[in-house]
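Residue numbers (this note's numbering): 85 to 377.
Note that beta-carbon positions come from the ideal geometry of N, C-alpha and C, so glycine has one too.
Report on one structure; see the data block that follows.
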């Protein structure tokens, strides 16, 4: 009888461990709204690359070549290396900078076009589209997923810090990004410290560390989609609670749309909601940069 109960205990232990492993795997592959302890916000978002629904919801971008204003620049990063970015300088001397952060595709010509759009709409602001992939650009969802997962937090932060040094000690910096870049837009505002004057994040993973959020020097405009299965309403609601706990202001605009609704190459693209969100972002940036007209 003693052997019987010993066997039962052993079987129960095996079942419990297996159940925990399945539960853990499920948590990682669903929406990453509750990342494992110790996982930061950007790494939690990168986990989505393993989710077939997430990857399948992003059509490969159509071929496009940007031929407008701006040029590629190179600057030193705080890890002793260099990084590149696409810059459109203001026509007048200015310490105001908008950092544009790409989606999971990388710094492609679509992002350069987006940077040019903001440069034309925000007179007196220098626009820099950062490259967190160090020159690599994806053309398929599989490539994009691998690049997003390969991003090292330390390297990305070194690039952003290098860009902040490039902007200068008197820089006033706002950031904007989509998807992968949405989460990094918020991280940029955190890294910018007193230089930060604005932050727009499109359906990116919010920072969950209230202690970090307390260091924000700016309010945040968060643009989200209520049908988003990953950065879902629950994640957004928690972000609002965390910002309130940090005593920081966040304005949430939520659209009855799906993830990446502002990307024309996405099958869930909404021209109506994309235009409205862009107008809101533009108004916010003009106000925070204290631009006239």
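CA-to-CA distance, residue j to residue i, given in whole angstroms
| i | j | result |
| --- | --- | --- |
| residue 345 | residue 286 | 10 Å |
| residue 155 | residue 132 | 32 Å |
| residue 351 | residue 224 | 14 Å |
| residue 169 | residue 127 | 22 Å |
| residue 329 | residue 186 | 29 Å |
| residue 281 | residue 179 | 12 Å |
| residue 217 | residue 191 | 8 Å |
| residue 307 | residue 288 | 9 Å |
| residue 130 | residue 268 | 11 Å |
| residue 315 | residue 322 | 11 Å |
| residue 242 | residue 162 | 5 Å |
| residue 119 | residue 234 | For residue 119, the pLDDT reaches just 39, beneath the cut-off of 50, and the residue's location in the model is therefore unreliable, although a value from the coordinates is still provided. Going by the C-alpha atoms only, they are around 18 Å apart. |
| residue 342 | residue 353 | 8 Å |
| residue 36 | residue 259 | In the structure displayed, the chain extends from 85 to 377; residue 36 sits before or after that span and is not available. |
| residue 195 | residue 320 | 25 Å |
| residue 262 | residue 151 | 22 Å |
Per-residue DSSP class, three states only, for residue i
| i | result |
| --- | --- |
| residue 237 | helix |
| residue 369 | helix |
| residue 214 | strand |
| residue 281 | strand |
| residue 181 | strand |
| residue 221 | coil |
| residue 257 | strand |
| residue 229 | helix |
| residue 323 | helix |
| residue 176 | coil |
| residue 127 | helix |
| residue 346 | coil |
| residue 354 | coil |
| residue 148 | coil |
| residue 313 | coil |
| residue 328 | helix |
| residue 209 | coil |
| residue 375 | coil |
| residue 379 | With the chain running from 85 to 377 in the structure shown, residue 379 is simply not present. |
| residue 142 | coil |
| residue 198 | helix |
| residue 360 | helix |
Cβ neighbour criterion (16 or more within 10 Å) applied to residue i
| i | result |
| --- | --- |
| residue 165 | exposed |
| residue 121 | Residue confidence for residue 121 is low, a pLDDT of 44 falling below 50, so the modelled location carries little weight; the figure read from the coordinates is stated next. The residue is exposed, with fewer than 16 neighbouring Cβ atoms inside 10 Å. |
| residue 202 | buried |
| residue 215 | buried |
| residue 256 | buried |
| residue 293 | exposed |
| residue 148 | exposed |
| residue 278 | exposed |
| residue 146 | exposed |
| residue 371 | exposed |
| residue 219 | exposed |
| residue 253 | exposed |
| residue 266 | buried |
| residue 298 | exposed |
| residue 290 | buried |
| residue 213 | buried |
| residue 229 | buried |
| residue 236 | exposed |
| residue 246 | buried |
Beta bridge counterpart(s) of residue i as assigned by DSSP
| i | result |
| --- | --- |
| residue 169 | 157, 214 |
| residue 336 | 306 |
| residue 286 | 262, 307 |
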